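Asks: Just so we're aligned, residue 1 is where the sequence shown starts under my numbering, counting upward by one.
Beta carbons are placed, not taken as given, at the ideal position from N, Cα and C, and that holds for glycine.
Only a predicted model underlies this, so the values are computations on that prediction, with no experimental measurement involved.
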Amino acid sequence: MLIEMKSPAFKKQGEERPPIHFKEGLNVVLGKEDGAMSIGKSSSLLAIDFVFGGDTYIKSDGVKKEGHHTIFFAFEFDGEKFYFARNTGDSNTIFICDKNYELTGGQYTKDEYTTWLKGKYHLDFVGLSFRIALSSFFRIYGKKNTDELNPLQGIPGQNMDKSISSIVALFDRFKDIEEFKANVTEHKRKLDAYKEARRYQFISDLVGGQKKYEENLAIIRDLELQLATLMEEAEKGHSEEEIELNKKKAALTNEKLTIENVIHSKEMKLRLVSMSLEYGLYPTEADMTALQEFFPGVNLRKLYEVERYHQKLAKILDAQFTDEKTAIEGEITGLRQQLDGINAQIKELGFVGNISREFLDRHSALKAEIDALKNQNQAFLTQNELQAAKANADAILKRSIEDILQEIEDTLNAKMKEFNDSLFTTKKKPPHVHFNAYNSYKFETPDNTGTGSNFKGMIVYDLAVLFTTALPALAHDSLLFKNLGKDVEDGIFRIYNSTKKQIFIAYDKQSDCRPETQKILEDNCVLRLSTNNCELYGRSWDTEE
């Protein structure tokens, strides 16, 4: 937790202020009882935000009027103290100090520092930004996150999707949807690869969609009938011996085709290696797997020429290619020897049956047309299957997110009701959040849209998040309390005072509070500001000279 903060710019009656010491639970910056403005209450909270890695303080009046200055501060975690310094003129560097605030030579960038804080606060959650999480609940004038009608918008300009993502991360629920997101990514990768293949005509493309698919089916049925009739006519008058010889020749032909396919595969690999030697490039295993999954007969040379497969090819030493080329060539030689043996056996069988050239030509034409139409239809079916799988993965991801949001919604609403009930002697409708979808929500206090009710709703929401998540701290500026009734204000301060998590608030007009609340404010005061050179910087800038 933050235990200390000081700066040469912080003064009182012309002297540098002593270090401001912070503690567990509530830490109050008290202003003047008459509500005097421009004494540094908001600047004090912005300085606290600054030591947590924020940047709004850099553009504050304190820096504009006092010039760039260094803020020294210390945190304590597990009994060990850590000392730092950060200058508004070099805010991206956080300097490591010793206990006397002498620089040790060590330093962090701002990102490294907030990552360090994230670890110390045990906030190493998937998808969580420490600064966005904390800054969203440091509601201070100047940070532009005090819109009481939209309390989930913790960062100016943050859309609903980002606001919801921030809450999901703070509840450490992103890890629960990682698997579903990975599934969507994988299905999208497959679909994109398939579309790319169709785009560059590596596989058949069916123009016309479902209607053309059904037309193709009818044509295929007609062609297959013609082929069957042709085969029946060719088989008439053949002897038993000729049929057996045909079977034997067919078996040898199938074996021949199998070996030819293996040779083709080896030759394709050999071409890859040869092209790699020529271009100095070679596809990764993942690239080849994705390609061959959908189009094993792909023209890889053309693929190299089309953006070198999206620049995903890696360099390999020529010596390795040479060795691999030699090995593949040896394998191809062995396979060709097997093929020669089979061809010899087929040749020994001689011509089987009196099959005319006209039959062979017609048979080849019918087979080619049938195969082409089937390939078109299969391409159509494959893309439909991939699109359906991607849509299903998207739907599963959406449902998982909605289920998680429902759990978060129930948790927050239950805690807000608990807190809201404690503020009134008679039950009042509590603020309520509803996530309409993974990118839409509604926050309201039903049947009460008054200013005081809206600010109360925002404060209660912040406290609900503080009490139900790992959020380590929050800050509330005095402007949040201006429209609250006394009962509500008393109840909120009781809640503030009930937690060990650090809460930083700025407050004035404490004389208007009830005794119980006055005591809470006084007991937890860490910095008292006033007029007459008792402002945060020891002077008021709006005094006319």
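(1) Could you tell me which of Ala-372, Leu-270, Ile-342 and Ala-368 sits nearest to Asp-323, measuring between CA atoms?
(2) So, Ile-520 versus Phe-419, is the Cβ gap smaller than 8 Å?
(3) Classify Ile-459 as helix, strand or coil using the three-state DSSP reduction.
(4) Quickly, what does DSSP pair Ala-85 with across the bridge? List them, please.
(5) Helix, strand or coil for Glu-444 per DSSP?
(6) Given Ile-155, which residues of its chain have a CB within under 7 Å of its CB, disregarding the five upstream and five downstream residues?
(7) Mind checking whether Leu-128 and Leu-170 have CB atoms under 8 Å apart?
(8) To which residues does DSSP link Thr-109 through a beta bridge?
(9) Ile-503 lies in the beta strand (DSSP E); which residues open and close that run?
(10) Is DSSP giving Lys-23 helix, strand or coil here?
(11) Excluding five sequence neighbours on each side, which residues of the same chain lie with their C-beta closer than 8 Å to the C-beta of Asp-176?
(12) Distance, Cα to Cα, Phe-50 vs Thr-56?
(13) Measure from the alpha carbon of Leu-252 to the alpha carbon of each residue in Glu-348, Lys-266 and Ser-274, then state which is nearest.
(14) What do you reckon, are the CB atoms on Ile-259 and Leu-335 nearer than 8 Å?
(15) Return yes when the Cβ of Tyr-108 is within less than 8 Å of the Cβ of Ser-42, no when it is not.
(16) Give every residue of the same chain whose Cβ lies closer than 6 Å to the Cβ of Gly-106, excluding the five residues on either side of it in the sequence, and list them in chain order.
(17) So Val-488 and Leu-423 are in contact, right, with Cβ under 8 Å, and what is the actual spacing, rounded?
(18) Among Thr-114, Leu-536 and Val-168, which one has its Cα closest to the Cα of Gly-52?
(19) Could you spell out the range, first to last residue, of the beta strand (DSSP E) harbouring Val-526?
(20) Express the C-alpha separation of Phe-481 and Lys-429 in angstroms, rounding to a whole number.
(21) Whole angstroms is fine: what's the gap from Pro-18's alpha carbon to Ile-408's?
(22) Counting Cβ pairs closer than 8 Å, one from the stretch 490 to 508 and one from the stretch 430 to 444, do we hit at least three?
(23) Start and end of the beta strand (DSSP E) containing Phe-435?
(24) Kindly examine the ligand ATP and report whether one of its heavy atoms sits closer than 7 Å to the Cβ of Gly-127.
(25) Would you mind stating whether Leu-529 and Gly-67 have Cβ atoms separated by less than 8 Å?
(26) Any contact of the stretch 5 to 12 with the stretch 523 to 541, i.e. 3+ C-beta pairs under 8 Å?
(27) Alpha carbon to alpha carbon, how far is Leu-45 from Ala-475?
(28) Could you check what DSSP says for Arg-199 in three-state terms: helix, strand or coil?
(29) Does the Cβ-Cβ distance between Phe-77 and Leu-2 come in under 8 Å?
(30) Please classify Asp-462 as buried or exposed, where buried requires at least 16 other C-beta atoms within 10 Å of its C-beta.
(31) Could you say which of Lys-162, Asn-454 and Gln-502 lies nearest to Leu-484 if we only look at CA atoms?
(32) Can you name the start and end residues of the beta strand (DSSP E) that Asn-6 belongs to?
(33) What would DSSP say about His-363, mapped onto helix, strand or coil?
(34) Taking all protein chains shown into account, do 16 or more other C-beta atoms lie within 10 angstroms of the C-beta of Asp-477, making it buried, or fewer, making it exposed?
(35) Is Arg-199 buried or exposed, if buried means 16 or more other CB atoms sit within 10 Å of its CB?
(36) Can you tell which of Thr-88, His-363, Leu-149 and Phe-130 has the C-alpha that lies nearest to the C-alpha of Val-63?
Replies: This is what the structure gives:
(1) Leu-270
(2) no
(3) helix
(4) Phe-72 and Phe-95
(5) strand
(6) Result list for Ile-155: Ile-132, Ser-135, Ser-136 and Asn-145, in chain order.
(7) yes
(8) Thr-93
(9) 502 to 507
(10) Coil.
(11) Ser-400 and Ile-404
(12) Going by the C-alpha atoms only, they are around 7 Å apart.
(13) Glu-348
(14) yes
(15) no
(16) Ile-96
(17) Contact annotation, Val-488 with Leu-423: C-beta distance approximately 5 Å; criterion of less than 8 Å satisfied.
(18) Residue 52 is actually Phe in this sequence, not Gly. When only C-alpha atoms are compared, the closest one is Thr-114.
(19) 525 to 528
(20) Their backbone Cα atoms lie some 20 Å apart in a straight line.
(21) 43 Å
(22) no
(23) Boundaries of the beta strand (DSSP E) harbouring Phe-435: 432 to 437, taken from the DSSP string.
(24) Looking at this structure, you won't find the ligand ATP or any other ligand, since it has none at all.
(25) no
(26) yes
(27) 7 Å
(28) helix
(29) For Phe-77 and Leu-2, no; Cβs fall outside 8 Å.
(30) buried
(31) Asn-454
(32) One detail in the question is off: residue 6 reads as Lys in this sequence, not Asn. From DSSP, the beta strand (DSSP E) with Lys-6 extends over 2 to 6.
(33) helix
(34) buried
(35) Exposed, since its Cβ has fewer than 16 Cβ neighbours within 10 Å.
(36) Measuring from the Cα of Val-63, the nearest candidate turns out to be Thr-88.
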